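K.L.:
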Amino acid sequence: MSVFVLADRVRDVAREAPGRTAVVEADGSRRTYAELSRAAERLAPGLREAGISEGTLTVFMVPPGFEGCVIGVALSRVGAPAVGIEPSLGPRVVAGCLRRVEPEAFVGIPLAHLGRVAYGWGRGSVRVKLVTGGTFPGARRVGTLFRGAGPAEDEAGEAPPPPAVRPDDPALIAFTTGSTGMPKPAVFTHAEAGAMLEVMRGTWGWDDGDVPVDMPTFPAFWLIGLSAGGTVVVPPMDFARGGPAKADPARLLETIDRHGVRSMFASPALLENLSRHAAAHGRTAPSLERVVCGGAPVHGPLMRRVRRMLGPGGEVYSAYGTTEALPSAQIAGREVLETTWELTEQGAGVCLGRPLAGVSAEVVGFVDGPIESWADAVRLPPDEIGEIVVRGPNISQTYYRSEEQTRANKIPDPEGRSWHRTGDAGYRDAEGRLWLVGRVSHRVDTKDGTIFPLQVEPIVNTHPAVRRSALVGVDGVPIVVIEPEPDLPRPDPATIMAELPVPLAGITTVLVHPGFPVDTRHNAKVDRPALARWAESRLPR
């Protein structure tokens with residue numbers, strides 16, 4: 001089994017097409033693959049001298065851009081596993097996460113180092129501190145670590161030594177969003193990381209004959225474009241201080257048009273603002289061929305607006321997968337709008353599509369504790385709701401230094417790789433498609449039975465006065481909370497319920513909330529525990 005090394009892929013492109021644009025910066029400047037490969041190979045020896053090499057857990061807090069790409073590619077050359085965590089999780093959450101994994105190196109911009117010092121990120125374990133984009137006391141500037149002149153632009157020079165890593169060595173530790181608890185550190189080996197990139201490239205139609213121009217609005221996804229030999233366009237977003245929902249849609253559309261962006265990964269929150277802005281101002285993005293949306297369930301009306309914004313033949317896709325299992329399934333907007341969304345608005349849940357090539361998916365009976373082996377799991381027939389589980393070469397098998405979490409979220413299978421418990425409730429239909437009805441932990445158990453959020457919310461969302469809704473439970477009582485359309489008068493809950501096309505049996509309490517609390521990564525996952533506490537405070541005592 002081979003080891004995928006991003007630096008090798010970048011070097012191959014630099015040798016075959018040295019003038020191809022690798023990165024388009026936020027200011028419009030372009031940097032080639034020859035420049036990227038030369039800079040990364042010059043930096044790699046300096047990283048080793050500084051103490052970063054194979055197995056050195058390295059926190060990486062550098063925003064997308066050429067500098068970030070150079071450092072990321074150089075880290076792959078020396079075999080140092082990156083620790084991916086976002087400051088937007090909150091400084092104390094970040095501190096707890098890094099305390100748990102005990103990284104040895106910290107590479108970041110001055111603002112990231114300020115957080116490191118102020119909140120103790122990596123205190124007691126970080127021994128190598130590197131800063132880029134400025135200076136910081138006690139941290140060595142990355143710019144001082146470049147060695148040699150590097151190969152000329154029209155040649156790649158002698159092949160540098162490959163990192164001394166094995167396929168089952170860690171390549172990346174990616175923290176989950178923490179939307180259902182403390183973020184968990186998912187370990188991706190070199191084999192799993194390579195398989196994940198291959199699944200994404202194959203699913204999204206990128207091959208060696210295609211040069212994608214990609215604008216990833218989620219920082220980690222710049223790897224995908226580079227692994228495909230494509231051009232990565234840095235979006236005009238403040239990744240350090242603002243989430244996707246705060247991105248300026250006018251500037252995003254301008255960037256897409258100016259650089260001919262062909263593909264984009266984005267959260268529903270970003271696409272909601274982008275598509276509404278485009279519709280309101282008569283704007284389109286004719287160069288966009290593929291928009292992949294993930295991070296939260298994608299609803300039909302949003303897909304419809306995004307499709308109207310795209311050029312001829314353009315399509316929007318809903319990609320399904322947890323942090324540990326990305327991607328696992330996908331469905332095109334056309335299939336949703338022509339086939340499944342009508343059923344969704346009748347209470348069927350949200351269709352996720354079919355499992356991707358190489359990924360297996362099953363639905364098993366609900367179990368609150370660990371499932372010790374695949375033989376103990378109860379596989380359910382089509383149309384029966386249970387927990388969705390997946391496995392494949394791209395899916396993380398363990399959590400860093402946590403046998404307890406690994407045991408709780410993985411199901412060992414003696415015949416192959418472990419199954420990952422997604423924590424999502426859903427079912428398979430007769431055509432083999434997966435349907436999502438909500439998180440297992442978000443189901444509301446009432447005296448009359450169990451109610452799942454996505455069997456209720458799409459029905460409520462059909463009302464024109466509702467922007468979105470959320471089902472929560474308080475002491476076994478199901479409550480629908482509505483976030484109204486901002487430009488319309490405040491709706492009357494009783495009137496909304498009476499005007500729904502499908503009656504909501506057993507639900508009598510409806511509340512109006514000015515703006516839902518959401519996760520910090522995608523700005524799309526509703527913080528249901530916080531919303532439930534708010535709802536409880538509004539109930540009569």
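Take 1 as the starting number for the sequence shown in the UniProt record's numbering and just add one per residue. Using N, Cα and C, we set each Cβ at its ideal position, and we do this for glycine too. Because the structure is a prediction, the values reported are computed rather than measured.
What span of residues does the beta strand (DSSP E) with Thr189 cover, start to end?
P.N.:
185-189 is the span of the beta strand (DSSP E), which, as asked, contains Thr189.
K.L.:
What first and last residue would you give for the beta strand (DSSP E) that runs through Pro484?
P.N.:
477-484 is the extent of the beta strand (DSSP E) around Pro484.
K.L.:
To the nearest angstrom, report how far apart Gly229 and Val460 are at their CA atoms.
P.N.:
Distance between the alpha carbons of Gly229 and Val460: 44 Å.
K.L.:
Could you tell me whether the Cβ atoms of Ile371 and Ala325 are closer together than 8 Å?
P.N.:
Cβ atoms of Ile371 and Ala325: not closer than 8 Å.
K.L.:
By the DSSP assignment, the beta strand (DSSP E) with residue 554 in it spans what residues?
P.N.:
The chain is shown only over 1 to 541; residue 554 falls outside these bounds and no answer can be derived.
K.L.:
Is it the case that the segment 238-257 contacts the segment 275-290, given that we only count it when at least three CB pairs across the two stretches are under 8 Å?
P.N.:
Because the criterion of three Cβ pairs below 8 Å is met, the segment 275-290 and the segment 238-257 touch.
K.L.:
For His281, count the other beta carbons within 10 Å of its own beta carbon; 16 or more makes it buried, fewer makes it exposed. Which is it?
P.N.:
Classification for His281: exposed.
K.L.:
What does Tyr320 pair with, by DSSP beta-bridge criteria?
P.N.:
Answer is Ala329, bridged to Tyr320.
K.L.:
Along the chain, where does the beta strand (DSSP E) that runs through Tyr427 open and close?
P.N.:
Residues 416-428.
K.L.:
Can the beta-carbon of Asp214 be found less than 8 Å from the beta-carbon of Val234?
P.N.:
Not closer than 8 Å, so no.
K.L.:
Could you spell out where the beta strand (DSSP E) holding Ile411 opens and where it closes?
P.N.:
Counting along the chain, the beta strand (DSSP E) containing Ile411 begins and ends at 410-413.
K.L.:
Please state whether DSSP places Phe366 in a helix, a strand or coil.
P.N.:
In this structure, Phe366 counts as coil in the three-state DSSP scheme.
K.L.:
Report buried or exposed for Ala159, applying the criterion of at least 16 other Cβ atoms within 10 angstroms of its Cβ.
P.N.:
It counts as exposed.
K.L.:
Pick out the complete alpha helix (DSSP H) segments inside the segment 205-230, 4 residues or longer, and give them in chain order.
P.N.:
Here the runs fully enclosed are 222-227.
K.L.:
What does Arg262 pair with, by DSSP beta-bridge criteria?
P.N.:
Bridge partners of Arg262: none, in fact.
K.L.:
Express the C-alpha separation of Pro464 and Pro493 in angstroms, rounding to a whole number.
P.N.:
One C-alpha to the other measures close to 13 Å.
K.L.:
Less than 8 Å between the C-beta atoms of Ala174 and Gly84, yes or no?
P.N.:
Yes, the Cβ-Cβ distance between Ala174 and Gly84 is below 8 Å.
K.L.:
Report buried or exposed for Val10, applying the criterion of at least 16 other Cβ atoms within 10 angstroms of its Cβ.
P.N.:
Result: buried.
K.L.:
Looking at the secondary structure, which residues open and close the beta strand (DSSP E) in which Trp435 lies?
P.N.:
Where Trp435 is concerned, the enclosing beta strand (DSSP E) stretches over 434-439.
K.L.:
Please return the same chain residues whose Cβ sits closer than 7 Å to the Cβ of Ala171, not counting the five positions on each side in sequence.
P.N.:
Excluding sequence neighbours, Ala171 sits near Pro81, Phe188, Thr189, His190, Ala193.
K.L.:
Using the beta-carbon count (16 or more within 10 Å), is Val350 buried or exposed?
P.N.:
Classification of Val350: buried, given that the 10 Å Cβ count is 16 or more.
K.L.:
When DSSP builds the beta bridges, which residues end up paired with Ile451?
P.N.:
Paired residues: Val444.
K.L.:
Going by other Cβ atoms of all chains shown within 10 Å of its Cβ, with 16 needed for buried, is Val13 buried or exposed?
P.N.:
Val13 comes out buried.
K.L.:
Alpha carbon to alpha carbon, how far is Ala156 from Pro167?
P.N.:
Because Ala156 sits at a pLDDT of 48, beneath the cut-off of 50, its placement in the model cannot be relied upon, and the following sentence gives the value as read from the coordinates. For Ala156 and Pro167, the distance between alpha carbons rounds to 25 Å.
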